[in-house]
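> I'd like to ask you about the structure that follows.
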Amino acid sequence: MKLFYTKRSPYARKVRVVALEKNIPLESIEEDLTNKSSHLLEANPLGKIPTLILDNGQTLCDSPVICEYLDSLKVHPVLIPKVKAKRFRILHLAAVADGLMDTTVAAYLEKTRHPEHFQEEFIKKQEETIFRCQEFIEKNLDDLKELSLASIAVACAIGYISFRMPQLGPQTKFDKLARWFMIFSQRPSMEETRPG
Ligand SMILES: N[C@@H](CCC(=O)N[C@@H](CS)C(=O)NCC(=O)O)C(=O)O
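Positions in the sequence shown are counted from 1; adding 81 to them yields the numbering used here.
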C-alpha cells in the first residue's frame, strides 16, 4: 500500500502512527503540497494528504477512513473498540482531536499568510476553541489511558499545536494533559513520526 503524506501533517502523522502500532508496512511517498504530483491528483480529486492507495489500486482518503481501514486489517492492537459504548466514546474523542487539528491548521495558516494583518477576531475564536478542546480532552483523560484511535489522534493534535503554535499547547493550562502527552510521545511510533 502506498501512502501520500507530508512530514508535518498531523492527519498523515495519525495514519503513520496507526500503521506503525499495527505493524502494517506502508510505502510512504512524500508530497510537496505547493506542487502536487499528478499521481496524487489522479488518485484523490481533493488533492489532499493523507491519501492511501490499496494494493488493488483503490484509493482511500480522509484520515478517519484510512485509520478505520488499517484497523480492520489486523485484530491487534484494537484501535477502534467493537463494544458500542466504548466505541463511540473513542470515536467522539478522535473526532474532537481531528477538529482540534483543523482549528490549529486554520489559525496557523491565517497567521502565516498575513503575519502583519491577520484577522484578530478569527484568531481569537480559533484560540478559544483550541483551549476549550484541550480542556474537554483533559476531562476525558481516563479514556486515553489505553492505546486507541483516540489516544493517537489526541497525541498527533497536541503534537501539531506544540510544533506550530507552542504557546497554545497544554503546558500552561492543562498539567495532566501535558504529562499524558509527554509520556505518550515516548512511544517509538510517535518518536519516528515527530514533525520537523
Ligand atoms: N480531513 C482530512 C484533512 C486533510 C488535510 O487537510 N490535509 C492537508 C495537509 S495537513 C492538505 O492536504 N492540504 C492541501 C490542500 O488542502 O490542498 C483528513 O483527516 O485527512
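Cβ atoms here follow ideal geometry from the backbone N, Cα and C, with glycine treated the same way. Computed from a predicted structure; not experimentally measured.
How would you label E108, buried or exposed, when you count the other beta carbons within 10 angstroms and need 16 or more for buried?
Per the 10 Å Cβ criterion, exposed.
> Counting by C-beta, which residues lie closer than 5 Å to a heavy atom of ligand 1, in chain order?
This criterion selects S90, Y92, L114, K129, I130, D143 and S144.
> Tell me the DSSP secondary structure of L154 in three-state form.
It is helical.
> Per DSSP, what kind of secondary structure is I110 in: helix, strand or coil?
Three-state result, I110: strand.
> Taking E102 as the reference, give the member of H157, Y92 and K117 with the closest Cα.
Checking every option, the nearest Cα to that of E102 belongs to H157.
> Determine which residues share a DSSP beta bridge with Y86 and list them.
For Y86, which the question treats as bridged, DSSP gives the partners E111.
> Report the rounded CA-to-CA distance for L190 versus F199, giving the unit in angstroms.
So the alpha carbons of these two residues sit roughly 10 Å apart.
> Where does T132 fall in DSSP's three states?
Here T132 sits in strand by DSSP.
> Tell me the DSSP bridge mates of T140?
DSSP output for T140 lists I134 as bridge partner(s).
> Just to confirm my understanding: we take N125, look at its own chain, exclude 5 residues before and 5 after, and list those with CB closer than 8 Å. What are they?
If we look at N125 and ignore the five residues flanking it on each side, its Cβ neighbours are F85, T132, T140 and C142.
> Note the first and the last residue of the continuous alpha helix (DSSP H) segment covering R52.
The structure shown does not extend to residue 52, since the chain is modelled only from 82 to 277, so the question has no answer here.
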